[in-house]
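Notes follow once the structure below has been shown.
Residue numbers (my numbering): 95 to 202.
Printed below as a string of structure tokens:
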């Protein structure tokens, strides 16, 4: 519900100030926020001031087929957790179903 309200208010701000997405981002969002979004969500460089970062984000949003996804850091953390779980299994003597040793045993 809070996200929908925020999106609605940002839409209102676009109309009242006669801005496009790039202008809204550059004018109302801090470079730290824009930089973090570029890095974590888009996988792009986070260098630059507000206008540069806003242009980078708007350019990505304008691409056909753009879909907002979860931040890349969250994805990489999930991969790390998965690897850590496999390492924990190795150290505990328990083999995961996907471990090479388990696959080799089931093939024999």
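Heads up, the beta-carbon is just placed ideally off N, CA and C, and yes, glycines get one too. These numbers were taken from a predicted model, which means no experiment stands behind them.
I'd like to know whether the C-beta atoms of residue i and residue j end up nearer to each other than 9 angstroms.
{"i": "residue 156", "j": "residue 128", "result": "no"}
{"i": "residue 152", "j": "residue 98", "result": "no"}
{"i": "residue 207", "j": "residue 107", "result": "An answer regarding residue 207 cannot be provided, because it is not within the stretch 95 to 202 covered by the chain."}
{"i": "residue 150", "j": "residue 136", "result": "yes"}
{"i": "residue 133", "j": "residue 142", "result": "no"}
Can you tell me whether residue i is helix, strand or coil according to DSSP?
{"i": "residue 203", "result": "The displayed coordinates of the chain run from 95 to 202. Any statement about residue 203 would go beyond what the structure contains."}
{"i": "residue 143", "result": "coil"}
{"i": "residue 98", "result": "helix"}
{"i": "residue 105", "result": "helix"}
{"i": "residue 117", "result": "helix"}
{"i": "residue 161", "result": "coil"}
{"i": "residue 138", "result": "coil"}
Would you please state the rounded distance, in angstroms, between the beta carbons of residue i and residue j? I believe it to be under 8 angstroms.
{"i": "residue 144", "j": "residue 125", "result": "5 angstroms"}
Say yes only if the C-beta of residue i is nearer than 8 angstroms to one or more non-hydrogen atoms of the ligand HEM, and no if none qualify.
{"i": "residue 161", "result": "With respect to small molecules bound, the structure shown includes none, and the ligand HEM cannot be examined in it."}
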